[in-house]
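For any residue, its number in our numbering is found by taking its place in the sequence shown, counting from 1, and adding 93. A short write-up of the structure that comes next.
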Amino acid sequence: MEQVKRQQNNLFDNYDDSKRKKIASKSHDCLSRETITNFEVLSNELIYEVFEFLDYFHIYKAFFNLNIRFRNLLTNSSLPIKVNISSISKSAYQQYYTDIIRTNAYRINSLRLSNLFIYGLTSSPIQILSKFLQLERLILDNIESEYLKKLLHSLKSLSMLSSLTITSLDSIKNKNAIYHQIFCLPALKYCKVSLEGYSNNDDPLPSITNDYSPIEHLVINDDMYLDELNCLTSYVPQLRRFSIQLRPEYWKQRTKIRPPTLNHLTHVFLKMNYVNFNQFEQLVIDLFATIQFLRISITYNGDMEYMNNKRWEQLILSHMPNLRIFDIRYERCLYNIPPDDNNQLTLDSYINQFTTPFWIERQWFFALRRKSYTLSQTSNQKTCLNSSETNLRKVRHVRIQCEKELINWNSQNMASDSDYDISDYNSGQDPFEIDY
Numbered sequence: 094m095e096q097v098k099r100q101q102n103n104l105f106d107n108y109d110d111s112k113r114k115k116i117a118s119k120s121h122d123c124l125s126r127e128t129i130t131n132f133e134v135l136s137n138e139l140i141y142e143v144f145e146f147l148d149y150f151h152i153y154k155a156f157f158n159l160n161i162r163f164r165n166l167l168t169n170s171s172l173p174i175k176v177n178i179s180s181i182s183k184s185a186y187q188q189y190y191t192d193i194i195r196t197n198a199y200r201i202n203s204l205r206l207s208n209l210f211i212y213g214l215t216s217s218p219i220q221i222l223s224k225f226l227q228l229e230r231l232i233l234d235n236i237e238s239e240y241l242k243k244l245l246h247s248l249k250s251l252s253m254l255s256s257l258t259i260t261s262l263d264s265i266k267n268k269n270a271i272y273h274q275i276f277c278l279p280a281l282k283y284c285k286v287s288l289e290g291y292s293n294n295d296d297p298l299p300s301i302t303n304d305y306s307p308i309e310h311l312v313i314n315d316d317m318y319l320d321e322l323n324c325l326t327s328y329v330p331q332l333r334r335f336s337i338q339l340r341p342e343y344w345k346q347r348t349k350i351r352p353p354t355l356n357h358l359t360h361v362f363l364k365m366n367y368v369n370f371n372q373f374e375q376l377v378i379d380l381f382a383t384i385q386f387l388r389i390s391i392t393y394n395g396d397m398e399y400m401n402n403k404r405w406e407q408l409i410l411s412h413m414p415n416l417r418i419f420d421i422r423y424e425r426c427l428y429n430i431p432p433d434d435n436n437q438l439t440l441d442s443y444i445n446q447f448t449t450p451f452w453i454e455r456q457w458f459f460a461l462r463r464k465s466y467t468l469s470q471t472s473n474q475k476t477c478l479n480s481s482e483t484n485l486r487k488v489r490h491v492r493i494q495c496e497k498e499l500i501n502w503n504s505q506n507m508a509s510d511s512d513y514d515i516s517d518y519n520s521g522q523d524p525f526e527i528d529y
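Next up, the structure:
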């Protein structure tokens with residue numbers, strides 16, 4: 094009897110569970126339909142606000158073919174469009190171009206091109222750039238030189254273009270010609286350029302006349318000779334933030350140009366290779382009288398004058414009186430140096446010079462890093478006291494400059510108490526990143 098009762102109870106329990114599942118399923122279906130219905134009854138204004146948080150290509154894929162109302166919302170609006178063509182297939186792009194880009198070019202205010210196949214297509218956005226009347230921001234990644242030169246010429250007609258970022262894929266034969274085209278753009282405020290190739294045989298920039306560039310924030314991730322800098326900066330008298338990589342003067346004689354007056358310049362980031370302190374000092378005297386922020390990375394340089402605190406104090410007091418933030422990284426590669434106490438005392442003495450009231454009052458402090466190791470794209474680029482791999486156990490600081498090298502990196506070779514630093518000093522990252 095008890096067994097029959099338990100069976101009946103189980104039957105009722107199973108029935109109740111089944112019933113609950115059906116009710117839950119129906120509730121879920123109703124909730125889903127209600128959610129969809131509620132979204133569709135939102136006003137156009139609210140839907141457009143939601144769209145602002147989404148990638149426009151994702152909006153297109155989700156709503157363009159949903160119904161007539163949403164298609165009209167996408168195609169009949171006057172609101173600006175941000176187009177990012179980075180991870181998209183060729184077939185998907187072709188349809189996107191037909192449905193959105195070509196017919197709404199006048200609405201596009203931001204355009205980013207990354208896929209290599211885009212530039213060579215007859216349906217490429219660069220073929221109809223003159224129709225992008227509202228374009229304010231243009232990012233060109235992995236662009237080949239043959240397309241870049243043609244494209245820059247067509248940008249002159251875009252009176253709203255205020256931000257331009259270029260990363261070339263192949264070597265540029267004459268970088269100065271590219272810079273000159275950029276400086277002719279009428280509304281540009283922000284420019285970041287990373288051009289492949291060497292500039293040994295480049296034609297010099299023509300002397301400036303009255304066609305000044307309105308650029309205020311300039312980032313050049315390419316090596317430039319010191320004696321080219323005066324001419325370059327003469328094009329940008331409104332410059333406020335400046336980042337560049339510098340090399341010593343070119344061995345060929347160049348025409349000396351009087352340094353321009355940069356009254357608005359406040360932020361400077363320099364990466365300098367083989368530039369001695371005398372050359373750097375003259376650069377400061379010529380161009381950097383108004384700066385408030387100075388970041389410097391000095392590599393491949395044996396000039397110990399960079400460690401002379403008196404020269405720094407005099408230079409700052411006399412020629413950079415407004416300097417508030419001072420960040421310097423000075424690197425010397427010391428290979429196979431015996432761990433002698435005298436060597437340590439010598440290195441420490443340089444750092445101790447920078448503990449006078451001048452430095453303490455400004456809260457500028459510097460650290461000496463011995464036994465460090467740089468993980469870069471060229472694996473033999475190390476800054477440890479002994480370059481032998483067997484001495485990695487002695488390393489106390491690892492600076493990572495190249496993410497790709499992490500794949501082959503074996504941290505087990507390091508001491509357990511080593512610290513790690515992901516550095517941007519040698520990357521293409523903008524040190525003063527600002528959205529325009």
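We put the beta carbon where it would ideally sit given N, CA and C, even for glycine.
- Query: What first and last residue would you give for the beta strand (DSSP E) that runs through Gln338?
  - Reply: Indexing the sequence shown from 1 puts residue 338 at position 245. 334-340 is the span of the beta strand (DSSP E), which, as asked, contains Gln338.
- Kindly list the residues whose CB is nearer than 8 angstroms to the CB of Met253, restricted to its own chain and excluding five residues on each side of it in sequence; keep chain order. Counting from one through the sequence shown, the residue named residue 253 turns up at place 160. Hits under 8 angstroms: Asn202, Leu226, Gln227, Leu228, Glu229, Ala280.
- Item | Those residues which DSSP pairs with Asn366 across a bridge | On the sequence shown, residue 366 is found 273 positions in, with the first residue counted as 1. Listed as beta-bridge partners of Asn366 by DSSP are Thr392.
- Item | Ile193 vs Tyr153 beta-carbon contact at 7 angstroms | Start at 1 with the first residue of the sequence shown, and residue 193 comes out as number 100. Start at 1 with the first residue of the sequence shown, and residue 153 comes out as number 60. Contact: yes.
- Query: Looking only at its own chain, which residues have a Cβ that is under 8 angstroms from the Cβ of Arg404, when we skip the five neighbours before and after it?
  - Reply: To locate residue 404, count along the sequence shown from 1; it is residue 311. If we look at Arg404 and ignore the five residues flanking it on each side, its Cβ neighbours are Phe370, Glu374, Glu398.
- Query: Excluding sequence positions up to five away, which residues of its chain have a Cβ less than 8 angstroms from the Cβ of Pro299?
  - Reply: Looking up residue 299 in the sequence shown gives position 206. For Pro299, same chain residues with a beta-carbon under 8 angstroms away, outside a window of 5 residues either side, are His273 in chain order.
- Ser327 vs Lys364 beta-carbon contact at 7 angstroms: Your numbering for residue 327 matches position 234 in the sequence shown. Your numbering for residue 364 matches position 271 in the sequence shown. Taking 7 angstroms as the Cβ cut-off, Ser327 and Lys364 do not qualify as a contacting pair.
- What did DSSP end up calling His310 once you bin it into helix, strand or coil? Numbered from its first residue, the sequence shown carries residue 310 at position 217. His310 carries a strand assignment under DSSP once its states are collapsed to helix, strand and coil.
- With a CB to CB cut of under 6 angstroms and the five nearest residues on each side skipped, what residues in its chain are close to Ser306? In the sequence shown, residue 306 corresponds to position 213, counting from 1. Excluding its 5 nearest sequence neighbours in each direction, Ser306 has C-beta neighbours in its own chain below 6 angstroms: Phe276, Tyr328, Val329, listed in chain order.
- Going by the CB atoms, is the gap between Val361 and Phe335 shorter than 7 angstroms? Mapped onto the sequence shown, residue 335 falls at position 242. Mapped onto the sequence shown, residue 361 falls at position 268. Yes.
- Message: Measuring alpha carbon to alpha carbon, tell me which residue in Cys284, Leu209, Thr215, Asn208 is nearest Leu245.
- Response: As a working mapping, residue 245 is identified with position 152 in the sequence shown. Considering only alpha carbons, the answer is Cys284.
- Task: Taking only the alpha-carbon atoms, compute the straight-line gap between Tyr352 and His151 and give it to the nearest angstrom.
- Result: Position 259 of the sequence shown, counted from the first residue, corresponds to residue 352. Position 58 of the sequence shown, counted from the first residue, corresponds to residue 151. The sequence shown places Pro at residue 352, rather than the Tyr named in the question. Within the model, the alpha-carbon separation for Pro352 versus His151 is close to 49 angstroms.
- Query: DSSP puts Thr260 in a beta bridge; with which residues?
  - Reply: Residue 260 sits at position 167 when you count from the first residue of the sequence shown. Paired residues: Ser287.
- Task: Go to Ile140, then tell me how far its alpha helix (DSSP H) extends in each direction, as first and last residue.
- Result: By one-based count along the sequence shown, residue 140 stands at place 47. Run containing Ile140: 137-144, per the alpha helix (DSSP H) assignment.
- Item | C-beta contact flag for Leu209 and Asn235 at 7 angstroms | If you number the sequence shown from 1, residue 209 lands on position 116. If you number the sequence shown from 1, residue 235 lands on position 142. With contacts defined as CB atoms closer than 7 angstroms, Leu209 and Asn235 qualify as a contacting pair.
- Work out the CA separation of Leu222 and Ile161 for me, nearest whole Å. The count along the sequence shown starts at 1 and reaches residue 161 at position 68. The count along the sequence shown starts at 1 and reaches residue 222 at position 129. Straight-line Cα distance between these residues: approximately 29 angstroms.
- Item | Cβ-based neighbour list, Phe156, same chain, cut-off 8 angstroms, excluding 5 preceding and 5 following | Here the question's residue 156 lines up with position 63 in the sequence shown. Answer for Phe156: Phe163, Arg164, Leu166, Leu167, listed in chain order.
- Backbone CA spacing between Ser481 and Leu262 [nearest angstrom]: Against the sequence shown, residue 481 aligns to sequence position 388. Against the sequence shown, residue 262 aligns to sequence position 169. The predicted position of Ser481 is uncertain, since its pLDDT is 45 and thus under 50; a value taken from the coordinates is nonetheless stated next. So the two alpha carbons sit approximately 35 angstroms from each other.
- Item | Rounded separation between Ile181 and Phe146 - CA only | On the sequence shown, residue 181 is found 88 positions in, with the first residue counted as 1. On the sequence shown, residue 146 is found 53 positions in, with the first residue counted as 1. For Ile181 and Phe146, the distance between alpha carbons rounds to 19 angstroms.
- Closest by C-alpha distance to Ile421, when choosing among Ser247, Arg333, His412, Asn402: On the sequence shown, position 328 is the one that residue 421 refers to. Among Ser247, Arg333, His412, Asn402, the Cα nearest to that of Ile421 belongs to Asn402.
- Item | CA-to-CA distance, Ala270 to Asp315, given in whole angstroms | For this step, residue 315 is matched to residue 222 along the sequence shown. For this step, residue 270 is matched to residue 177 along the sequence shown. Cα to Cα, the separation comes out at about 14 angstroms.
- Item | Helix, strand or coil at Lys243 according to DSSP, with G and I counted as helix | As a first step, residue 243 is located in the sequence shown; it is residue number 150 there, counting from the start. For Lys243, the secondary structure class from DSSP, reduced to helix, strand or coil, is helix.
- Compare the Cα-Cα distances from Ser217 to each of Tyr190, Ser250, Thr302, Pro297 and report the closest residue. As a first step, residue 217 is located in the sequence shown; it is residue number 124 there, counting from the start. Here the closest residue by C-alpha is Tyr190.
- Item | Anticipated Cβ contact below 8 angstroms, Tyr149 with Lys175, distance rounded | Position 56 of the sequence shown, counted from the start, is the residue given in the question as residue 149. Position 82 of the sequence shown, counted from the start, is the residue given in the question as residue 175. So it is a contact: roughly 6 angstroms between Cβ atoms.
- Query: Does the beta-carbon distance from Tyr318 to Arg333 come in below 7 angstroms?
  - Reply: Here residue 318 refers to the residue found at position 225 when the sequence shown is read from its first residue. Here residue 333 refers to the residue found at position 240 when the sequence shown is read from its first residue. No, these two residues do not count as a Cβ contact at 7 angstroms.
- How many Å lie between Thr354 and Leu172 at the Cα? Locating residue 354 in the sequence shown gives position 261, counting from the first residue. Locating residue 172 in the sequence shown gives position 79, counting from the first residue. About 41 angstroms.
- Just checking my contact of Gln446 with Leu416 at CB under 8 angstroms: how many whole Å lie between their CB atoms? For the purposes of this step, residue 446 is taken as the residue at position 353 of the sequence shown. For the purposes of this step, residue 416 is taken as the residue at position 323 of the sequence shown. Not really, about 18 angstroms apart at Cβ, beyond 8 angstroms.
- Task: Whole angstroms is fine: what's the gap from Ile350's alpha carbon to Asp320's?
- Result: The residue given as residue 350 occupies position 257 in the sequence shown. The residue given as residue 320 occupies position 227 in the sequence shown. The straight-line gap separating the alpha-carbon atoms of Ile350 and Asp320 is approximately 8 angstroms.
- Message: In this structure, how does DSSP classify Leu278 when only helix, strand and coil are distinguished?
- Response: Residue 278 sits at position 185 when you count from the first residue of the sequence shown. Looking at Leu278 - three-state DSSP - the assignment turns out to be coil, as it is neither helix nor strand.
- Assigned exposure category for Phe458 - 16 Cβ within 10 Å defines buried: Numbered from its first residue, the sequence shown carries residue 458 at position 365. Counting every other CB atom within 10 Å of its CB across the protein chains shown gives Phe458 a total below 16, marking it as exposed.
- Task: Taking Leu257 as the reference, give the member of Lys249, Leu231, Leu241 with the closest Cα.
- Result: If you number the sequence shown from 1, residue 257 lands on position 164. With respect to the C-alpha of Leu257, the residue from Lys249, Leu231, Leu241 having the closest C-alpha is Leu231.
- Query: Just reading off the beta strand (DSSP E) that Leu232 is part of, what are its end residues?
  - Reply: Here residue 232 is taken as the residue at index 139 of the sequence shown, counted from 1. The sequence given here places Ile at residue 232; Leu does not occur at that position. 230-236 is the extent of the beta strand (DSSP E) around Ile232.
- Query: Going by beta carbon distance, what residues of the same chain come within less than 8 angstroms of Asp296, once the five residues before and after it are set aside?
  - Reply: Along the sequence shown, read from residue 1 onward, the residue named residue 296 stands at position 203. Residues of the same chain with a CB within less than 8 angstroms of the CB of Asp296, apart from the 5 flanking positions on each side, are Asn267, Asn269, Ala270 in chain order.
- Message: So for Met533, helix, strand or coil by DSSP?
- Response: Outside the displayed span of the chain (94 to 529) sits residue 533, for which this structure offers no information.
- Compute the Euclidean distance between the alpha carbons of Gln100 and Leu139, then round it to the nearest angstrom. In the sequence shown, counting from the first residue as 1, residue 100 sits at position 7. In the sequence shown, counting from the first residue as 1, residue 139 sits at position 46. With a pLDDT of only 45 at Gln100, under 50, the local geometry of the prediction cannot be trusted, and the value read off the model is given with reservation. Answer to the nearest angstrom: the Cα atoms are 56 angstroms apart.
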